[in-house]
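Below is one structure, written out as structure tokens; the observations come after it.
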Amino acid sequence: MDLPVIESSPPVAAGCSAGSCGSTASQMDGLSDDIRARVQDHPCYSEEAHHYFARMHVAVAPACNIQCHYCNRKYDCANESRPGVVSELLMPDQAVRKTLAVAATIPQMSVLGIAGPGDPLANPQRTFETFRQLALQAPDIKLCVSTNGLVLPEYVEELARYDIDHVTITINCVDPEVGARIYPWIFWKNRRVFGREAAAILIKQQQQGLEMLTARGILAKVNSVLIPGVNDHHLPEVSKIVKAKGAFLHNVMPLIAEAEHGTFYGVMGQRSPKPAELKALQDACEGDMNMMRHCRQCRADAVGLLGEDRGAEFTLDKIEAMDIDYEAAMVVRAELRAQIAADLAEKRAQAHAPAAPQVTPQVIHFQPHAAKPAPAAGRPVLMAVAAKNGLVAVHFGHAKEFLVYEASASGARLVGHRKAESYCAGDENCGDADLVLARTIQALEDCEVVLCSRIGYEPWGELEAAGIQPNGEHAMQPIEEAVIAVWHEMLVAGRLTAGSTAAKRA
Amino acid sequence: MALEIIESCVNCWACEPLCPNQAIHAATPHFLIDADKCSECVGDFAEAQCASICPIEGAIIDELGEALNPPGSLTGIPPERWAAAQAEIAAR
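Those sequence lines, one after another, are chains A and B.
According to full-length UniProt numbering, the first sequence is numbered sequentially starting from 1.
According to full-length UniProt numbering, the second sequence is numbered sequentially starting from 1.
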């Protein structure tokens, strides 16, 4: 028989099985202290950092030396947010001015990346001139670059010279047969090379580049695009190989393919993976590799926190009109970073502390597994969270995206994110509210709970009808604490027994 | 004997540094080849460099008006499939 125990908070919230040890630890535990220190303020490399730190890309690299079937070089749209898309191409001097303006306006900004819209290393003069100037003028901003890898081996030394600490390589395959279905051609040694031969050269260069980065001590992340029927069964092997060659993080992203994008995959009807397929593949790779789950597949000129894009505030004409004190801005950034570091250190210390004796008993919980906190019988549950800055802080109707966490006895773990349109703009835009709500519910179909700061009456009912329980009781709480608390409420309510999964689908 | 860049050019700069004769320059609304300087890379390379890296089918033509990269040759999308997709999008 279970005894009632007195707790001020849900049972596991005081130990290492919960709190920030949950999702953050699951991504970071496999890393050495050195790597952890190097990624702690990089939103694209650290899941924890992405709640607090912002990044920007400057679009100085228009040329590309390969063609991918998911890319169309004609595309340029202000309303689309995905890799390869930009609104305004910049020269290095303009990119430096823009970077300094953004860093002065958004003090959370810690990282400047060059990611296109072509391949940064196919535009070496522009890319390295931008890095050279920024290393001098904003030494506190980390510089990083994302490349297809074709010419990476010849630029590893130069990357090291500008103190580029982080490089992302997009590696979709290690088998030329698979590659021939992803890359129609490359430009190599003054000629265009097609098909399998092209893929074989690209793969060899990528792998060599990765090995050289590792040897040079530069952190390498690998991006892979999951293309159902093309490389889905192949990516676990890719993950193993890039880990063996020194990549510290693997980011498997879903293919984006629509006919109106004019890409080969879009026009030819190649489908994108479903969220559950992406998660299954990431889970399959996870045993061997640290997997990135918080990527938002941003534009090559994105600005701001991951999941938001403030690029429109920093067009060239707007930057010209800004009056900026660069020195003062750098001081503000340093202070903010120190504050965030202190907050995170405190959060970690609390999460690792034993159950706090000073807590005043307030609520009586039945805690079925109090005697032995063994892995509880409760099954894992997916929960969507309308979050900002690591907190359950967004109104359901205002959410532009939801973070998806998997809650279980071992904690809360970020497993993905879903885009949504905020349907409640408080004005005439509400016209399509029903349609937008239906799309959001569909995007969250595999989740059983949605946590938000507030939610309207109508969406509440629609979500419940779809088998998704809305929850606004954890507003402004840290995400992982809230997710674990809700999971335990479900456990106590007997909703997490083995057979209860099917109930949601019914 | 000279190649020409036409309006479907997307100004991606890929060709400009490759030209052995510095015949290509940025212009509005699209890049241009100086016909007096262009040699079609004869004597320098086996293949015209600009046309070997250009990602846009049809954007570079020869003196007869023939595309060096005809429709379907770079993307692998059959032209009839492209036309069908555009018609489907226009009908939405």
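For every residue, glycine included, the Cβ atom is placed at its ideal position computed from N, Cα and C.
Under 8 Å by beta carbon: chain A residues contacting residue i
i, result
"Ala27 of chain B", "In chain order: nothing, as chain A lies at least about 14 Å away."
"Ile89 of chain B", "Ala259 and Glu260"
"Ala32 of chain B", "A small correction: the amino acid at residue 32 of chain B is Leu; Ala does not occupy that position in the sequence shown. Within chain A, no residue comes near Leu32 of chain B; the closest Cβ sits about 17 Å away, beyond 8 Å."
"Ile52 of chain B", "According to the sequence provided, residue 52 of chain B is Ser. The question's Ile does not apply to it. Near Ser52 of chain B (Cβ distances below 8 Å), the residues of chain A are Phe187, Asn190, Arg191 and Arg192."
"Ala23 of chain B", "Near Ala23 of chain B there are no residues of chain A at all, since even the closest Cβ is about 16 Å away, more than 8 Å."
Rounded C-alpha distance that separates residue i from residue j
i, j, result
"Ala83 of chain B", "Glu7 of chain B", "19 Å"
"Cys71 of chain A", "Gly65 of chain B", "27 Å"
"Ser26 of chain A", "His25 of chain B", "Low confidence applies to Ser26 of chain A: its pLDDT is 47, below 50, so where it sits in the model is not reliable, and the reading given next is rough at best. Computed Cα separation, rounded: 52 Å."
"Glu4 of chain B", "Ile182 of chain A", "30 Å"
"Glu401 of chain A", "Ala23 of chain B", "48 Å"
"Phe314 of chain A", "Met109 of chain A", "14 Å"
"Ile77 of chain B", "Phe264 of chain A", "6 Å"
"Asn471 of chain A", "Leu121 of chain A", "47 Å"
"Ser224 of chain A", "Ala49 of chain A", "22 Å"
"Ser272 of chain A", "Lys245 of chain A", "29 Å"
"Ala341 of chain A", "Asp325 of chain A", "25 Å"
"Gly118 of chain A", "Ala59 of chain B", "18 Å"
"Gln442 of chain A", "Arg333 of chain A", "40 Å"
"Glu40 of chain B", "Pro17 of chain B", "15 Å"
"Glu211 of chain A", "Gln137 of chain A", "31 Å"
"Glu158 of chain A", "Val394 of chain A", "43 Å"
"Arg337 of chain A", "Met490 of chain A", "37 Å"
"Ile53 of chain B", "Ala200 of chain A", "18 Å"
"Ala371 of chain A", "Leu382 of chain A", "With a pLDDT of only 46 at Ala371 of chain A, under 50, the local geometry of the prediction cannot be trusted, and no value is derived from it."
"Gly456 of chain A", "Cys447 of chain A", "19 Å"
"Glu177 of chain A", "Leu249 of chain A", "25 Å"
Proximal chain A residues relative to residue i, where beta-carbon distance stays under 7 Å
i, result
"Val10 of chain B", "Arg73 and Lys74"
"Pro55 of chain B", "Cys64, Gln67 and Arg73"
"Gln49 of chain B", "Asn190"
"Ala85 of chain B", "Ala259 and Val267"
"Ala35 of chain B", "Simply none; closest approach about 22 Å."
"Ala2 of chain B", "In chain order: nothing, as chain A lies at least about 19 Å away."
Sub-9 Å separation of residue i and residue j beta-carbons
i, j, result
"Val156 of chain A", "Asn65 of chain A", "no"
"Leu444 of chain A", "Arg418 of chain A", "yes"
"Ala407 of chain A", "Val483 of chain A", "yes"
"Gln206 of chain A", "Ile256 of chain A", "no"
"Leu437 of chain A", "Glu462 of chain A", "yes"
"Glu481 of chain A", "His474 of chain A", "yes"
"Ala198 of chain A", "Gly116 of chain A", "no"
"Ala259 of chain A", "Val222 of chain A", "no"
"Leu74 of chain B", "Gln67 of chain A", "yes"
"Glu421 of chain A", "Thr440 of chain A", "yes"
"Cys298 of chain A", "His57 of chain A", "yes"
"Thr147 of chain A", "Ala95 of chain A", "no"
"Ala384 of chain A", "Ile468 of chain A", "yes"
"Ala90 of chain B", "Val267 of chain A", "no"
"Leu63 of chain B", "Ala2 of chain B", "The sequence shown places Glu at residue 63 of chain B, not Leu. Yes; because the gap between Cβ atoms is below 9 Å, this pair is in contact."
"Val316 of chain A", "Leu90 of chain A", "The question names Val, yet the displayed sequence has Leu at residue 316 of chain A. Result yes, Cβ atoms of Leu316 of chain A and Leu90 of chain A sit closer than 9 Å."
Partners in chain B for residue i, counting only beta-carbon separations shorter than 7 Å
i, result
"Pro184 of chain A", "Leu74, Thr75 and Gly76"
"Gly229 of chain A", "Ordered by position in chain B, no residue passes the 7 Å Cβ test against Gly229 of chain A, which lies about 16 Å from the chain."
Proximal residues of chain A, C-beta to C-beta of residue i below 9 Å
i, result
"Ala46 of chain B", "Asn190 and Arg191"
"Ala67 of chain B", "Ordered by position in chain A, no residue passes the 9 Å Cβ test against Ala67 of chain B, which lies about 14 Å from the chain."
Residue i: contacting residues in chain B (beta-carbon distance under 8 Å)
i, result
"Phe264 of chain A", "Thr75, Gly76 and Ile77"
"Gly411 of chain A", "By Cβ distance, chain B contributes nothing, its closest Cβ being about 45 Å from Gly411 of chain A, past 8 Å."
Discussion item. For the region 142 to 149 of chain A against the region 160 to 168 of chain A, do three or more pairs of beta-carbon atoms, one drawn from each stretch, fall closer than 8 Å, so that the two count as touching?
Written reply: Touching, yes.
Fill in: At least three beta-carbon pairs within less than 8 Å, the region 233 to 242 of chain A to the region 279 to 297 of chain A
As far as the Cβ criterion goes, the region 233 to 242 of chain A touches the region 279 to 297 of chain A, which means the pair count is three or higher.
Worksheet item: Counting pairs of beta carbons, one from the region 298 to 315 of chain A and one from the region 45 to 55 of chain A, are three or more of them closer than 8 Å?
Response: Verdict: yes, contact present.
Worksheet item: Which runs of the beta strand (DSSP E) spanning at least 3 residues fall entirely within the region 64 to 133 of chain A, listed in chain order?
Response: DSSP runs (the beta strand (DSSP E)) wholly in the region 64 to 133 of chain A: 109 to 114.
Discussion item. So within the region 412 to 483 of chain A, which uninterrupted beta strand (DSSP E) runs reach at least 3 residues, ignoring any that extend past its ends?
Written reply: You should have 449 to 451 and 469 to 471.
Worksheet item: Which ranges would you report for the alpha helix (DSSP H) in the region 44 to 87 of chain B if only whole runs of at least 4 residues count?
Response: Here the runs fully enclosed are 49 to 53.
Worksheet item: Quick one: complete beta strand (DSSP E) runs, 3+ long, within the region 140 to 225 of chain A?
Response: Within the region 140 to 225 of chain A, the complete beta strand (DSSP E) segments at least 3 residues long are 142 to 147, 166 to 170, 185 to 188 and 191 to 194, listed from N- to C-terminus.
Worksheet entry | Runs of alpha helix (DSSP H) wholly within the region 278 to 349 of chain A (minimum 4 residues, chain order) | 316 to 320, all fully within the region 278 to 349 of chain A.
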